[in-house]
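Peer 1: Here it is: the structure, laid out below.
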Amino acid sequence: MIRPCSHRCLLMALMIMFVASPALFSGAIVIDFEGLSDGTFVATEYPGLTFSNAIISTAGISLNELEFPPESGSNVVVDYGGAMSILFALPVSSFGGFFTYLGPVTIQGFDSSHDLLASSTSQFSNNLACLAGPPCLGDPGSSPDEFIQVNSSAGFSSVVITGDPAGFSFALDNVTYSLASTTSVPEPSSLVLLTGLLLFSIVWRTRVRQCRSRSR
Numbered sequence: 256m257i258r259p260c261s262h263r264c265l266l267m268a269l270m271i272m273f274v275a276s277p278a279l280f281s282g283a284i285v286i287d288f289e290g291l292s293d294g295t296f297v298a299t300e301y302p303g304l305t306f307s308n309a310i311i312s313t314a315g316i317s318l319n320e321l322e323f324p325p326e327s328g329s330n331v332v333v334d335y336g337g338a339m340s341i342l343f344a345l346p347v348s349s350f351g352g353f354f355t356y357l358g359p360v361t362i363q364g365f366d367s368s369h370d371l372l373a374s375s376t377s378q379f380s381n382n383l384a385c386l387a388g389p390p391c392l393g394d395p396g397s398s399p400d401e402f403i404q405v406n407s408s409a410g411f412s413s414v415v416i417t418g419d420p421a422g423f424s425f426a427l428d429n430v431t432y433s434l435a436s437t438t439s440v441p442e443p444s445s446l447v448l449l450t451g452l453l454l455f456s457i458v459w460r461t462r463v464r465q466c467r468s469r470s471r
């Protein structure tokens, strides 16, 4: 009587593992800034992130999409009045985005003590699009929406994006970041295995008790 129950127990545990395991894996997170109105000051609209000196610009309204075409959709975020900064509630191992800029752009990533971990600078001094035809202002060989990224396994607590000190010098779209892993959190494969074993043990004991009670 116990053997059939053990088969059902195993099947049930495997099914639970299959359903639960996707939640244990995490990948890159993308923010496209769609859904916010033109002129919105971005601050804490996105969970876990706090923006400073960032304002939404929408194609056809305040954004000249012929020179600053969004990477996707119609919204971008612009540096408002100075360097744009983003604080992270949890450390991130990578941060990047698609930039169209009037002057060189630099991303700096800092830890919780504000020590510089990594920095990256745009390839050109100007990469404006030329969708309206010549004369074209972008540097020869450049193209809009250049992807600029910083990475650090130590994990960033904040990034600062600097263009012109006065601001209004770049458009940023499709911000992409990944949460940093920590030694206190098991790898996803280990989490799946441990979760499966725990569920298997609980369901096994329950089913064995049921089978024993039925055999009496």
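So the sequence shown is residues 256 to 471, counted in our numbering.
All C-beta atoms in this analysis are idealised placements derived from N, C-alpha and C, irrespective of residue type, glycine included.
Remember, predicted model here, so these are calculated numbers, not experimental data.
Count the CB pairs spanning the stretch 388 to 405 and the stretch 302 to 313 that are closer than 8 Å, and state whether there are at least three.
Peer 2: No: the two stretches stay apart, fewer than three of their Cβ pairs being nearer than 8 Å.
Peer 1: Per DSSP, V301 forms a beta bridge with which residues?
Peer 2: Residue identity differs from the one stated: residue 301 is Tyr in this sequence, not Val. Answer is none; Y301 lacks a bridge partner.
Peer 1: Whole angstroms is fine: what's the gap from G290's alpha carbon to F365's?
Peer 2: Between G290 and F365, the C-alpha separation is close to 29 Å.
Peer 1: Look at S367 and S436 and say whether their C-beta atoms are less than 8 Å apart.
Peer 2: Cβ atoms of S367 and S436: not closer than 8 Å.
Peer 1: Is the stretch 296 to 310 touching the stretch 330 to 337, taking contact as three or more C-beta pairs under 8 Å?
Peer 2: The stretch 296 to 310 is in contact with the stretch 330 to 337.
Peer 1: How many Å lie between I416 and M339 at the Cα?
Peer 2: Near 5 Å, if we compare the C-alpha coordinates of M339 and I416.
Peer 1: My assumption, with CB atoms under 8 Å, is that S349 sits in contact with S433. Please give the rounded CB distance.
Peer 2: That belief holds up - the Cβ atoms of S349 and S433 are roughly 5 Å apart, short of 8 Å.
Peer 1: With distances taken between CB atoms, is the gap from T355 to D400 smaller than 8 Å?
Peer 2: In this structure, D400 lies closer than 8 Å to T355 by Cβ.
Peer 1: Which two residues bound the contiguous beta strand (DSSP E) that contains Q378?
Peer 2: First-last for Q378: undefined, no H or E at that position.
Peer 1: Just the Cα atoms here: how many angstroms apart are P441 and G282?
Peer 2: Legend: pLDDT at P441 = 46, less than 50; position of this residue unreliable, value from coordinates given subsequently. Approximately 16 Å, taken between the alpha carbons.
Peer 1: Determine the DSSP secondary structure at V440, reduced to helix, strand or coil.
Peer 2: With a pLDDT of 44 at V440, under the threshold of 50, the modelled position of this residue cannot be trusted; read the value that follows with caution. In this structure, V440 counts as coil in the three-state DSSP scheme.
Peer 1: Could you tell me which whole beta strand (DSSP E) segments of length 3 or greater appear in the stretch 306 to 369?
Peer 2: Fully enclosed beta strand (DSSP E) runs of 3 or longer: 309 to 313, 330 to 334, 339 to 356 and 361 to 365.
Peer 1: Give the DSSP-derived three-state secondary structure of T295 in the structure shown.
Peer 2: Here T295 sits in coil by DSSP.
Peer 1: In the DSSP assignment, the beta strand (DSSP E) including L434 goes from what residue to what residue?
Peer 2: It spans F425 to L434 - the beta strand (DSSP E) in which L434 sits, taken as one unbroken run.
Peer 1: Per DSSP, what kind of secondary structure is F402 in: helix, strand or coil?
Peer 2: Of the three classes helix, strand and coil, the one that applies to F402 here is strand, per DSSP.
Peer 1: Leaving out five residues on either side along the sequence, give the residues of the same chain with a beta carbon under 8 Å from the beta carbon of L304.
Peer 2: These residues qualify, in order along the chain: I286, I341, L342, F343 and A344.
Peer 1: Could you tell me the alpha carbon to alpha carbon distance between P508 and A387, rounded to whole angstroms?
Peer 2: Residue coverage of the chain in this structure runs from 256 to 471, which leaves residue 508 outside it and unanswerable.
Peer 1: For the candidate residues E322, L372 and S307, whose alpha-carbon lies nearest to that of C385?
Peer 2: Here the closest residue by C-alpha is E322.
Peer 1: Using the Cα positions of S398 and L383, report the straight-line distance between them to the nearest angstrom.
Peer 2: Each residue's alpha carbon lies about 7 Å from the other.
Peer 1: For G203, does the three-state DSSP call read helix, strand or coil?
Peer 2: The structure shown does not extend to residue 203, since the chain is modelled only from 256 through 471, so no value can be given for it.
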